[in-house]
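Peer 1: Heads up, the sequence shown is in this note's numbering, so the first residue is 341 and it goes up one at a time.
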Amino acid sequence: MIVLQVNGLTKSFSGLNIIENIQLEVRSRDRIALVGRNGAGKSTLLKIIAGEMSADTGDIIVPKDTRIGYLEQHSGIDSPLTIWEEMMTVFKPLQEMEKRIRALEETMANPAVYSNHDEFTRVTNEYDALQTEFKNANGYQYESDTRSVLHGMRFYQDDFDKSVNTLSGGQKTRLALAKMLLSKPDLLILDEPTNHLDIETLSWLEKYLVGYEGALLVVSHDRYFLDEIVTIVYEISRTKMTKYHGNYSAYLIEKARNYERDMKQYEREMSERARMEDFIQKNIARASTSKMAQSRRKMLERTEWMESPDGDEKSASFTFPIGRQSGNDVLAIDNLAVGYEEGAVSKNLDIHVYRGERIAIIGPNGVGKSTLLKTIVKKQQPLAGEIRYGTNVQFGYYDQEQASLTGNSTVLEELWRDWPMMNEKDIRGILGRFLFSGDDVNKHVSTLSGGEKARLALAKLMLQQSNTLILDEPTNHLDLDSKEILENALDDFPGTILFVSHDRYFINRIATKVIDLNVNGAVEYLGDYDYFVEKKQELAEIQEEKKRQLDDKSNTVKQVREELDREEKRQLRRITRAIEEAEKTIASLDEKISAFETELSNPVYADDHVKLMEIQAEIDALQEKHDSEAENWLDLQEQLENFS
Numbered sequence: 341m342i343v344l345q346v347n348g349l350t351k352s353f354s355g356l357n358i359i360e361n362i363q364l365e366v367r368s369r370d371r372i373a374l375v376g377r378n379g380a381g382k383s384t385l386l387k388i389i390a391g392e393m394s395a396d397t398g399d400i401i402v403p404k405d406t407r408i409g410y411l412e413q414h415s416g417i418d419s420p421l422t423i424w425e426e427m428m429t430v431f432k433p434l435q436e437m438e439k440r441i442r443a444l445e446e447t448m449a450n451p452a453v454y455s456n457h458d459e460f461t462r463v464t465n466e467y468d469a470l471q472t473e474f475k476n477a478n479g480y481q482y483e484s485d486t487r488s489v490l491h492g493m494r495f496y497q498d499d500f501d502k503s504v505n506t507l508s509g510g511q512k513t514r515l516a517l518a519k520m521l522l523s524k525p526d527l528l529i530l531d532e533p534t535n536h537l538d539i540e541t542l543s544w545l546e547k548y549l550v551g552y553e554g555a556l557l558v559v560s561h562d563r564y565f566l567d568e569i570v571t572i573v574y575e576i577s578r579t580k581m582t583k584y585h586g587n588y589s590a591y592l593i594e595k596a597r598n599y600e601r602d603m604k605q606y607e608r609e610m611s612e613r614a615r616m617e618d619f620i621q622k623n624i625a626r627a628s629t630s631k632m633a634q635s636r637r638k639m640l641e642r643t644e645w646m647e648s649p650d651g652d653e654k655s656a657s658f659t660f661p662i663g664r665q666s667g668n669d670v671l672a673i674d675n676l677a678v679g680y681e682e683g684a685v686s687k688n689l690d691i692h693v694y695r696g697e698r699i700a701i702i703g704p705n706g707v708g709k710s711t712l713l714k715t716i717v718k719k720q721q722p723l724a725g726e727i728r729y730g731t732n733v734q735f736g737y738y739d740q741e742q743a744s745l746t747g748n749s750t751v752l753e754e755l756w757r758d759w760p761m762m763n764e765k766d767i768r769g770i771l772g773r774f775l776f777s778g779d780d781v782n783k784h785v786s787t788l789s790g791g792e793k794a795r796l797a798l799a800k801l802m803l804q805q806s807n808t809l810i811l812d813e814p815t816n817h818l819d820l821d822s823k824e825i826l827e828n829a830l831d832d833f834p835g836t837i838l839f840v841s842h843d844r845y846f847i848n849r850i851a852t853k854v855i856d857l858n859v860n861g862a863v864e865y866l867g868d869y870d871y872f873v874e875k876k877q878e879l880a881e882i883q884e885e886k887k888r889q890l891d892d893k894s895n896t897v898k899q900v901r902e903e904l905d906r907e908e909k910r911q912l913r914r915i916t917r918a919i920e921e922a923e924k925t926i927a928s929l930d931e932k933i934s935a936f937e938t939e940l941s942n943p944v945y946a947d948d949h950v951k952l953m954e955i956q957a958e959i960d961a962l963q964e965k966h967d968s969e970a971e972n973w974l975d976l977q978e979q980l981e982n983f984s
């Protein structure tokens with residue numbers, strides 16, 4: 341079933357087409373990524389589809405009753421409600437339905453209604469219909485679903501009563517995403533949903549979206565996320581849109597094949613064009629060949645020559661040279677605690693960094709990753725512990741907040757201020773390598789986009805020629821092409837890299853070691869992100885196996901104990917029954933002995949010595965049995981006391 345169709349969509353600003361003749365189709369359960377450079381028109385297209393912006397030409401077809409949910413990047417929620425109350429606004433129709441069901445139950449319990457057959461039938465029919473509708477709308481599950489989604493977005497039970505207006509910007513963005521997920525539209529449109537999410541939350545979101553019942557249209561620069569989620573990729577490039585099947589990695593492979601094919605075709609056409617132009621130039625002036633040359637000229641003018649596959653899109657081009665090499669020992673961190681006056685956010689940190697290592701620092705938001713980097717480069721004081729620096733270590737620090745950039749200076753002045761001995765031509769040349777050309781160098785830093793500020797900060801980092809790079813979220817604000825360029829530059833960097841990133845694709849490409857930071861220390865993993873995930877999974881499985889073995893052992897002990905208890909109870913019942921039998925036997929023997937003793941004193945047998953001897957023999961035999969049974973009774977009583 342088609343949930344969205346876009347036909348011939350065109351949008352221009354100031355007479356310049358941003359997107360042109362766009363064709364897009366979204367079916368139920370589709371997982372579609374929209375990719376392209378910054379400024380290619382991705383967000384513009386999403387806004388038009390969501391109805392927040394009009395197109396110049398083209399049609400958008402959405403079937404009746406299809407619900408579209410759109411979450412802009414950097415969007416958040418401002419509300420006086422608590423987190424839980426805000427989430428519950430999604431389910432107002434369900435809550436109203438639930439109230440109606442309760443009201444109908446009270447009505448059905450009313451004797452006056454119960455005795456009126458027609459009215460009772462009407463009420464029960466409405467009740468049954470509402471119950472079915474409520475169940476089909478997941479009415480019995482929505483509170484549980486809300487808790488699950490909030491937990492995935494790292495909002496826990498203790499947070500539910502917090503006012504939304506007290507949250508940080510990043511938390512409000514995560515809450516807006518949670519609310520959008522709970523609304524479950526038929527088409528979910530997400531513009532950069534991975535911003536402000538740590539790796540653990542990203543992993544949860546990926547699993548949730550894979551199982552999402554509706555269709556998904558997403559813009560994201562997180563390549564790992566796209567590989568996990570999408571099955572179709574639409575690329576916007578030079579105002580046009582091209583469709584690719586598969587995830588992001590499949591798209592890259594197919595795009596490379598297309599580029600190679602198109603480049604060969606382009607080279608053939610350019611070669612043919614050059615031959616025609618050469619022929620025209622050589623023969624146009626000759627009387628014998630002039631007509632032929634003119635014919636070729638007309639053919640040249642009529643032919644629609646293929647545009648270069650490279651087009652007019654430019655890519656940044658840079659490397660990170662170093663001034664001089666550092667010693668083998670770069671950093672030694674012992675028992676370090678980092679944080680603020682309010683207290684430590686992470687402590688007991690023991691980290692050793694050696695020359696040439698590429699170390700990724702990961703961990704949940706708020707655990708102190710950026711704070712650790714600031715402490716290492718001495719922009720913040722440690723709360724405890726020691727940092728020892730190696731010989732000739734020169735830090736180049738990239739701050740994700742771009743705090744080192746001056747807002748009122750121009751792009752050219754920003755570099756010239758720190759390197760005043762360089763001439764303007766060289767400065768402009770360096771800026772050109774970072775895609776600042778012509779009048780771009782006169783832009784004020786405060787007017788730059790996030791991507792432009794990131795490229796300017798990287799330009800300054802390159803000029804420092806540091807042998808140890810400390811990078812805090814270096815891929816933030818960069819488009820996919822710029823990320824590839826940065827990764828290539830870092831691959832070729834001959835020094836040491838210590839970086840914080842939640843870009844798992846970037847970590848896989850760069851890292852040789854992963855440090856998992858937590859509030860009480862750090863754990864090292866000797867490999868990239870995939871290795872880290874594998875080892876954590878192994879450790880989790882080992883812990884689970886240990887727990888299972890302990891549970892099995894506990895269950896075995898429990899079973900043995902229960903069997904012993906059952907055996908003890910059987911023994912107790914046996915002893916109790918044996919005591920009762922012994923007491924009955926003793927009582928019977930007492931009666932018999934008493935009867936024979938009465939017979940022994942009978943005057944009739946006073947002179948009958950033989951009879952008296954027989955009676956005495958009977959008494960003695962019974963007494964022997966009595967004594968034996970009494971001794972048995974005493975043994976049984978002792979056993980009973982031992983059980984007690």
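By construction, the Cβ of each residue, glycine as well, lies at the ideal position given by its N, Cα and C atoms.
Restricting to Cα atoms, I'd like to know which of 485, 435, 465, 501 is closest to residue 474.
Peer 2: If you number the sequence shown from 1, residue 474 lands on position 134. The shortest C-alpha separation from residue 474 is found at 435.
Peer 1: Given this structure, state the Cα-to-Cα distance separating residue 837 from residue 701, to the nearest angstrom.
Peer 2: What you label residue 837 is simply residue 497 of the sequence shown in a count that begins at 1. What you label residue 701 is simply residue 361 of the sequence shown in a count that begins at 1. So the alpha carbons of these two residues sit roughly 11 Å apart.
Peer 1: So, at 7 Å on beta carbons, what are the nonlocal neighbours of residue 737 in its own chain, with the 5 sequence-adjacent residues on each side left out?
Peer 2: On the sequence shown, position 397 is the one that residue 737 refers to. Excluding positions up to five away in sequence, the list reads 717, 810.
Peer 1: With the cut-off set at 7 Å, would you say residue 879 and residue 918 are in Cβ contact?
Peer 2: The residue you call residue 879 lines up with position 539 of the sequence shown. The residue you call residue 918 lines up with position 578 of the sequence shown. No, they are not a contact pair.
Peer 1: Do you know how far the Cα of residue 476 is from the Cα of residue 445?
Peer 2: As a working mapping, residue 445 is identified with position 105 in the sequence shown. As a working mapping, residue 476 is identified with position 136 in the sequence shown. Taking the straight line joining both Cα atoms gives about 19 Å.
Peer 1: Take residue 373 as the anchor and find which of 549, 942, 813 has the nearest alpha-carbon.
Peer 2: As a position in the sequence shown, residue 373 is number 33, starting the count at 1. Of the listed residues, the one whose Cα sits closest to residue 373 is 549.
Peer 1: Do residue 725 and residue 675 count as a contact pair if the criterion is CB distance below 7 Å?
Peer 2: Looking up residue 675 in the sequence shown gives position 335. Looking up residue 725 in the sequence shown gives position 385. Against a cut-off of 7 Å, the Cβ pair of residue 725 and residue 675 comes out as a contact.
Peer 1: Here's the rule: buried if 16 or more other CB atoms are within 10 angstroms of the residue's CB, otherwise exposed. What is residue 581?
Peer 2: Here the question's residue 581 lines up with position 241 in the sequence shown. Classification of residue 581: buried, given that the 10 Å Cβ count is 16 or more.
Peer 1: For the candidate residues 956, 605, 945, 566, whose alpha-carbon lies nearest to that of residue 591?
Peer 2: As a working mapping, residue 591 is identified with position 251 in the sequence shown. If we check each option's Cα against that of residue 591, 566 comes out closest.
Peer 1: Does the contact criterion of 3 or more C-beta pairs under 8 Å hold for the segment 643-662 versus the segment 786-806?
Peer 2: The segment 643-662 vs the segment 786-806: in contact.
Peer 1: Please state whether the Cβ-Cβ distance between residue 419 and residue 504 is less than 7 Å.
Peer 2: As a working mapping, residue 419 is identified with position 79 in the sequence shown. As a working mapping, residue 504 is identified with position 164 in the sequence shown. For residue 419 and residue 504, yes; Cβs fall inside 7 Å.
Peer 1: Any chance the segment 702-717 sits against the segment 734-750, with 3 or more Cβ pairs inside 8 Å?
Peer 2: Touching, per the Cβ criterion.
Peer 1: Taking Cβ positions, are residue 398 and residue 348 nearer each other than 7 Å?
Peer 2: In the sequence shown, the residue the question calls residue 398 occupies position 58. In the sequence shown, the residue the question calls residue 348 occupies position 8. Cβ atoms of residue 398 and residue 348: closer than 7 Å.
Peer 1: Should residue 520 and residue 356 be called a contact, given that it needs their Cβ atoms to be closer than 7 Å?
Peer 2: Along the sequence shown, read from residue 1 onward, the residue named residue 520 stands at position 180. Along the sequence shown, read from residue 1 onward, the residue named residue 356 stands at position 16. No; because the gap between Cβ atoms is not below 7 Å, this pair is not in contact.
Peer 1: Considering residue 457, what are the terminal residues of the alpha helix (DSSP H) in which it resides?
Peer 2: On the sequence shown, position 117 is the one that residue 457 refers to. Unbroken alpha helix (DSSP H) run through residue 457: 457-476.
Peer 1: Out of 656, 625, 612, state which residue places its alpha-carbon closest to the alpha-carbon of residue 639.
Peer 2: Numbered from 1 along the sequence shown, position 299 holds the residue referred to as residue 639. Comparing Cα-Cα distances from residue 639 to each of 656, 625, 612, the minimum goes to 612.
Peer 1: Measuring straight from C-alpha to C-alpha, what distance separates residue 985 and residue 850?
Peer 2: Outside the shown range of the chain (341 to 984) lies residue 985, about which nothing can therefore be said.
Peer 1: Taking the C-alpha atoms as reference points, what is the distance between residue 390 and residue 524?
Peer 2: Sequence index remark: in the sequence shown, residue 390 carries index 50 (1-based). Sequence index remark: in the sequence shown, residue 524 carries index 184 (1-based). C-alpha separation (whole angstroms): 15 Å.
Peer 1: Using DSSP with H/G/I as helix, E/B as strand and the rest coil, what is residue 775?
Peer 2: Here residue 775 refers to the residue found at position 435 when the sequence shown is read from its first residue. Note: residue 775 maps to coil in three-state DSSP.
Peer 1: DSSP three-state call for residue 588: helix, strand or coil?
Peer 2: Position 248 of the sequence shown, counted from the start, is the residue given in the question as residue 588. In this structure, residue 588 counts as helix in the three-state DSSP scheme.
Peer 1: Quick one: grab the DSSP three-state call for residue 374.
Peer 2: For the purposes of this step, residue 374 is identified with residue 34 of the sequence shown, where counting begins at 1. Correct three-state label for residue 374: strand.
Peer 1: Tell me whether residue 644 is buried or exposed, calling it buried when 16 or more other Cβ atoms sit within 10 Å of its Cβ.
Peer 2: The residue you call residue 644 lines up with position 304 of the sequence shown. When all chains shown are included, residue 644 counts as exposed.
Peer 1: Are residue 576 and residue 376 touching if we call contact CB-CB under 7 Å?
Peer 2: Taking the first residue of the sequence shown as position 1, residue 576 is located at position 236. Taking the first residue of the sequence shown as position 1, residue 376 is located at position 36. A contact, by the Cβ cut-off of 7 Å.
Peer 1: Looking only at its chain, what residues have a beta carbon closer than 8 Å to the beta carbon of residue 926, apart from the 5 residues adjacent to it on each side?
Peer 2: As a working mapping, residue 926 is identified with position 586 in the sequence shown. For residue 926, where only same-chain residues beyond five positions count, the Cβ hits under 8 Å are 966, 969, 970, 973.
Peer 1: Since residue 573 contacts residue 588 with CB under 8 Å, what's their CB separation in whole angstroms?
Peer 2: In the sequence shown, counting from the first residue as 1, residue 573 sits at position 233. In the sequence shown, counting from the first residue as 1, residue 588 sits at position 248. About 6 Å; that satisfies the 8 Å criterion.
Peer 1: Below 8 Å on the Cβ atoms is my contact criterion, and I expect residue 561 with residue 818 to pass it. Report the Cβ-Cβ distance as a whole number of Å.
Peer 2: The count along the sequence shown starts at 1 and reaches residue 561 at position 221. The count along the sequence shown starts at 1 and reaches residue 818 at position 478. Right, the Cβ-Cβ distance comes to about 7 Å (below 8 Å), so this counts as a contact.
Peer 1: Can we count residue 448 as close to the ligand NAD, meaning its CB is less than 6 Å from some heavy atom?
Peer 2: This structure simply doesn't include the ligand NAD, nor any ligand for that matter.
Peer 1: Keeping to the same chain, check which residues put their C-beta closer than 6 Å to that of residue 863; ignore five residues upstream and five downstream.
Peer 2: The residue labelled residue 863 in the question sits at position 523 within the sequence shown. Closer than 6 Å at the Cβ level, and outside the excluded window around residue 863, lie 856.
Peer 1: First and last residue of the beta strand (DSSP E) that includes residue 345?
Peer 2: Here residue 345 refers to the residue found at position 5 of the sequence shown. That run of the beta strand (DSSP E) goes 342-353.
Peer 1: Do residue 705 and residue 538 come within 7 Å of each other at the CB atom, strictly closer than that value?
Peer 2: Along the sequence shown, read from residue 1 onward, the residue named residue 538 stands at position 198. Along the sequence shown, read from residue 1 onward, the residue named residue 705 stands at position 365. A contact, by the Cβ cut-off of 7 Å.
Peer 1: Does the distance from the CB of residue 785 to the CB of residue 526 come in under 7 Å?
Peer 2: For the purposes of this step, residue 785 is identified with residue 445 of the sequence shown, where counting begins at 1. For the purposes of this step, residue 526 is identified with residue 186 of the sequence shown, where counting begins at 1. The answer is no: Cβ separation not under 7 Å.
Peer 1: By DSSP's criteria, residue 530 is part of a beta bridge. Which residues make up the other side?
Peer 2: As a first step, residue 530 must be located in the sequence shown, where it is residue number 190. For residue 530, which the question treats as bridged, DSSP gives the partners 411, 558.
Peer 1: For residue 960, which option in 934, 617, 711 has the closest C-alpha, if you only look at C-alpha atoms?
Peer 2: Residue mapping note: residue 960 aligns to position 620 of the sequence shown, counting from 1. If we check each option's Cα against that of residue 960, 934 comes out closest.
Peer 1: Who are the Cβ neighbours of residue 677 in its own chain at under 8 Å, not counting the five residues just before and after it?
Peer 2: In the sequence shown, counting from the first residue as 1, residue 677 sits at position 337. Closer than 8 Å at Cβ, skipping near neighbours: 684, 686, 687, 688, 689, 722, 723, 724, 725.
Peer 1: Per DSSP, what are the beta-bridge partners of residue 839 in this structure?
Peer 2: Reading the sequence shown from its first residue, position 499 is the one you call residue 839. DSSP lists 700, 811 as partners of residue 839.
Peer 1: Measure the Cβ-Cβ separation of residue 417 and residue 345 and say whether it is below 7 Å.
Peer 2: Numbered from 1 along the sequence shown, position 77 holds the residue referred to as residue 417. Numbered from 1 along the sequence shown, position 5 holds the residue referred to as residue 345. No, the pair does not count as a contact, with Cβ atoms beyond the cut-off.
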